[in-house]
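Visitor: Questions regarding the structure given below will be posed in turn.
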Amino acid sequence: MFIEGMSSFSAQTMDYHLDVYFQEEWYDHRLAHNNTAPILVRDLEVFKMMWHPDVYFANARSAAFQDITDDNFLVWVYPNGRVWYDARISIVSSCNMDLWKYPLDSQECALRILSYAYPMTVLRLLWSEKEDVPAIDRNPDITMPDMSLKHIRTGYCNGTYATGEWSCMTAIFYVEREMMHHVMQTYVPTALIVVISWFNFWLEIDSAPARVSLSITTLLTISTQANAVKLALPEVSYMKAIDVWMGSCMAFVFGVMIEFTICHYAKTLEKEKDRQAREAELRGGPPLVVDTLSTLFGAVHDIDDLNEDEELRGDGEQHIALNMLNPEEPRLRSLHPTTNDITTNGTRYFMGAERLKRKRSKTSITRLRQQVASMRHATADVSRRAFKWTRAVRKLHGHRVATKIDERCRIVFPMVFILFNIAYWSFYLVFN
80 MFIEGMSSFS AQTMDYHLDV YFQEEWYDHR LAHNNTAPIL VRDLEVFKMM WHPDVYFANA
140 RSAAFQDITD DNFLVWVYPN GRVWYDARIS IVSSCNMDLW KYPLDSQECA LRILSYAYPM
200 TVLRLLWSEK EDVPAIDRNP DITMPDMSLK HIRTGYCNGT YATGEWSCMT AIFYVEREMM
260 HHVMQTYVPT ALIVVISWFN FWLEIDSAPA RVSLSITTLL TISTQANAVK LALPEVSYMK
320 AIDVWMGSCM AFVFGVMIEF TICHYAKTLE KEKDRQAREA ELRGGPPLVV DTLSTLFGAV
380 HDIDDLNEDE ELRGDGEQHI ALNMLNPEEP RLRSLHPTTN DITTNGTRYF MGAERLKRKR
440 SKTSITRLRQ QVASMRHATA DVSRRAFKWT RAVRKLHGHR VATKIDERCR IVFPMVFILF
500 NIAYWSFYLV FN
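Using my numbering, the first residue of the sequence shown is number 80, and each one after it goes up by one.
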């Protein structure tokens, strides 16, 4: 068999095209003749009247004889009864491809040749074993856009069925997928998209629209390319190499979006704390200042209440003293003739001491109130300054946290992507 052409290894339909010169040789002593030269037979009707092996291609989806410009077949009948048959046939054969390494895969596609009617007791199929002529040869100019033919091996696939044992031959084609096309059309563009998504780490954290737009654009581009690759492949139950690559690239781009979300949340959290602090200031200042002033004013009110109690107590004592030293009492007048003078002087002395005490207390309260008012103004001013400083520090802290995350991701993401590439290409190209 001579392979004239080979093309269209389709992963979607799991088949390939062959253009072959199919040659058969058998002996039929009934066709021996006395001519010195072989007899050429070109008439199909004559050939059909001759016995010939009824071989067919078991895994061919379609096959046809070439008939341009005439039927491409010939039969030579030699004097010793040897018959040589040659026909050009176009074949579309199926190939069960294993695509788990796609597009870094190699495939083995076998063409099975059997006899349709004759069991092995009547017909045995054998490959030619001539030393100078290989059983299968090929056109050295065969080129395919997505595959390269590495070598061809012959074999046998004899099998036993319900009707007996049947002879079978196989031609196994070892092909390897050309990788450069997929590298340029799939791997390089998706890798560049992943690199472009890293530009987010150099954009300002406040540039939320720009960062979100860049992340979504890169993610949608990766998704579009992944869908385009899936459309060119059959639906299989296992993960292919291209699926691992696309899924990983999509994960890297999605990781960039997650990183921006974390940075934005860190800064938003600080803004929320700042908003709550401003609301607390509008409600009456920081809690520490309010508590301090409340304590001081409470002390002032306690002193006022204490002073009022003392005034009431002083009036009562004065009344008691006046009653005790009332000059109209007969006993006092009879026992002490000068008691009126003593009582008058004692009452005056007692009332003067109480007035002096109340006057000093009121003076102390007035001074305390003045000190509290002054302290309130001073403390409020300090609190406002401290609050503004706290707001600035909190805002700067949130920005620094987001910036630090961006700076670390500028190193972490490229390093992880490089390590992923080393593991990916080593696994699919070297270890397998």
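Backbone N, C-alpha and C define an ideal beta-carbon position, used for all residues, glycine too.
Nothing here was measured: the structure is a model prediction, and the numbers come from that model.
Assign residue 174 to one of three DSSP states: helix, strand, or coil.
Guide: coil
Visitor: Who are the Cβ neighbours of residue 81 in its own chain at under 8 angstroms, not counting the five residues just before and after it?
Guide: Excluding five sequence positions before and after residue 81, the CB atoms of its chain that fall closer than 8 angstroms to its own CB belong to 99, 100, 102, 215, 216, 217 and 218, given in chain order.
Visitor: What is the DSSP secondary structure of residue 188, reduced to helix, strand or coil?
Guide: strand
Visitor: Measuring straight from C-alpha to C-alpha, what distance separates residue 257 and residue 243?
Guide: 43 angstroms
Visitor: So for residue 281, helix, strand or coil by DSSP?
Guide: In this structure, DSSP gives residue 281 a helical state, which the three-state scheme calls helix.
Visitor: Do residue 503 and residue 324 have their beta-carbon atoms positioned less than 8 angstroms apart in this structure?
Guide: yes
Visitor: Which residue comes first and which comes last in the beta strand (DSSP E) that contains residue 141?
Guide: First-last of the beta strand (DSSP E) with residue 141: 139-144.
Visitor: Note the first and the last residue of the continuous alpha helix (DSSP H) segment covering residue 307.
Guide: 287-310
Visitor: Could you pull the DSSP bridge partners for residue 165 from this structure?
Guide: 102 and 153
Visitor: Would the stretch 135-148 count as touching the stretch 161-171 if we require 3 or more Cβ pairs under 8 angstroms?
Guide: yes
Visitor: Between the alpha carbons of residue 500 and residue 347, how many angstroms are there, rounded?
Guide: 36 angstroms
Visitor: For the alpha helix (DSSP H) that residue 267 lies in, which residues bound it at each end?
Guide: Bounds of the alpha helix (DSSP H) holding residue 267 are 267-276.
Visitor: Can you tell me where the beta strand (DSSP E) with residue 226 in it begins and where it stops?
Guide: 226-235
Visitor: Spatial neighbours of residue 223 within its chain, please: CB distance less than 6 angstroms, with the 5 preceding and 5 following residues excluded, ordered by chain position.
Guide: Here the set comprises 86.
Visitor: Give the straight-line distance between the Cα atoms of residue 125 and residue 184, rounded to the nearest whole angstrom.
Guide: One Cα belongs to residue 125, the other to residue 184, and the distance between them is close to 47 angstroms.
Visitor: Quick one: does residue 185 have its CB under 8 angstroms from some CB of chain C?
Guide: Of the protein chains in the structure, only one exists, and it is not chain C.
Visitor: Is residue 86 helix, strand or coil when you go by DSSP?
Guide: Strand.
Visitor: What three-state label does DSSP hand residue 330 in the structure shown?
Guide: helix
Visitor: With respect to 7 angstroms, is the separation between the Cβ of residue 190 and the closest non-hydrogen atom of the ligand MN below this value?
Guide: By its list of ligands, the structure shown contains no ligand whatsoever, and the ligand MN lies outside what it can speak to.
Visitor: DSSP puts residue 239 in a beta bridge; with which residues?
Guide: 244
Visitor: Does residue 484 come out as helix, strand or coil in the three-state DSSP assignment?
Guide: helix
Visitor: Might you give, ordered along the chain, the residues of its own chain that have their beta carbon closer than 8 angstroms to the beta carbon of residue 139, omitting 5 neighbours on each side?
Guide: 170, 171, 172, 173 and 190
Visitor: Taking the C-alpha atoms as reference points, what is the distance between residue 122 and residue 156?
Guide: C-alpha separation (whole angstroms): 13 angstroms.
Visitor: If you follow the alpha helix (DSSP H) that residue 510 is in, where does it begin and where does it stop?
Guide: Premise fails: residue 510 is in no alpha helix (DSSP H) and is neither H nor E.
Visitor: What's the C-alpha gap between residue 312 and residue 90?
Guide: The C-alpha of residue 90 is placed about 6 angstroms away from the C-alpha of residue 312.
Visitor: For the stretch 333-346 against the stretch 279-294, are there 3 or more C-beta pairs whose distance is under 8 angstroms?
Guide: yes
Visitor: When you compare the CB positions of residue 179 and residue 95, do they come within less than 8 angstroms of one another, or not?
Guide: no
Visitor: Please check the pair residue 153 and residue 119, which I expect to be a contact at CB under 8 angstroms, by giving their CB distance rounded to whole angstroms.
Guide: Their Cβ separation, rounded to whole angstroms, is 6 angstroms, which keeps residue 153 and residue 119 in contact under 8 angstroms.
Visitor: Compute the distance between the beta-carbons of residue 284 and residue 332, then report whether it is under 8 angstroms.
Guide: no
Visitor: Restricting to Cα atoms, I'd like to know which of 261, 483 and 150 is closest to residue 343.
Guide: 483
Visitor: Answer with buried or exposed for residue 492, where buried requires no fewer than 16 other C-beta atoms within 10 angstroms of its C-beta.
Guide: buried
Visitor: I'd like the list of long-range same chain contacts for residue 267, defined as Cβ closer than 7 angstroms, with 5 residues on each side in sequence excluded.
Guide: none
Visitor: Would you report the Cα separation of residue 375 and residue 479, rounded to the nearest angstrom?
Guide: At residue 375 the pLDDT is 47, less than 50, meaning the model places this residue with poor confidence; the figure from the coordinates comes in the next sentence. Taking the straight line from one Cα to the other gives about 40 angstroms.
Visitor: Rounding to the nearest angstrom, what Cα-Cα distance links residue 113 and residue 234 in this structure?
Guide: 37 angstroms
Visitor: Around the Cβ of residue 421, are there at least 16 other Cβ atoms within 10 angstroms (buried) or fewer (exposed)?
Guide: Its pLDDT being 41, under 50, residue 421 is placed unreliably in this model, and the value from its coordinates should be taken loosely. Residue 421 comes out exposed.
Visitor: Can you pull the DSSP bridge partners for residue 194?
Guide: 134
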